[in-house]
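In the numbering used here, the protein residues as written are 3 to 178.
Note sheet for the following structure.
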């Protein structure tokens with residue numbers, strides 16, 4: 003059996019590269035490529051598909067962890083805040099009423115990689131919308147302010163009753 007000689011590898015200075023930065027940059031570049039190739043609206047549509055799948059997975063995970071078949075309004079709000087905290091967002095519930103849940107956020111999980119990539123906000127819209135609609139029957143997610151657009155923070159309003167956000171821009175989600 004022959005011996006394999008080890009080759010000396012030169013020492014490389016620390017670039018700051020680590021898994022989280024790599025994945026955030028990957029998502030940013032994928033979103034940017036989509037936006038440049040098919041336009042912002044269609045890119046948002048593609049990212050929405052991923053967001054819905056992530057939302058379904060997260061919804062199932064939280065229901066299972068809580069031991070419930072359906073989340074109530076307070077649990078939906080708690081899940082929204084908790085899931086964002088777990089991925090290093092800083093969402094705070096500002097208003098909780100029968101017709102809407104309103105959140106502000108001072109730190110995007112994608113950090114600076116979200117700047118100029120509005121399509122990435124479809125992850126929040128779809129995850130929040132799917133979880134709210136699957137458990138409460140309906141949701142319209144209004145991205146009133148976003149870090150991606152340069153607003154300096156996010157303000158997300160989840161309308162829970164059809165018509166409650168009638169004049170607000172946003173995407174509607176319907177439960178089964």
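Idealized CB from N, CA, C, for every residue including glycine.
Extent of the continuous alpha helix (DSSP H) run through residue i
i: residue 35; result: 21–40
i: residue 85; result: 75–88
Contact check, residue i vs residue j, beta carbons under 8 Å
i: residue 134; j: residue 175; result: yes
i: residue 101; j: residue 162; result: yes
i: residue 137; j: residue 73; result: yes
i: residue 107; j: residue 130; result: no
i: residue 121; j: residue 33; result: yes
i: residue 158; j: residue 146; result: yes
i: residue 152; j: residue 177; result: no
Per DSSP, the bridge partner or partners of residue i
i: residue 141; result: 175
i: residue 155; result: DSSP output for residue 155 lists no bridge partner at all.
Euclidean distance between Cα positions of residue i and residue j
i: residue 20; j: residue 61; result: 29 Å
i: residue 80; j: residue 90; result: 15 Å
i: residue 30; j: residue 148; result: 15 Å
i: residue 173; j: residue 18; result: 37 Å
i: residue 154; j: residue 144; result: 17 Å
i: residue 103; j: residue 28; result: 31 Å
i: residue 10; j: residue 23; result: 28 Å
i: residue 160; j: residue 39; result: 30 Å
Enclosing beta strand (DSSP E) for residue i [first to last residue]
i: residue 113; result: Neither: residue 113 is in no beta strand (DSSP E) and is coded neither H nor E.
i: residue 104; result: 102–107
Buried versus exposed call for residue i [16 or more other C-beta atoms within 10 Å across all chains shown]
i: residue 41; result: exposed
i: residue 36; result: buried
i: residue 12; result: exposed
i: residue 15; result: exposed
i: residue 119; result: buried
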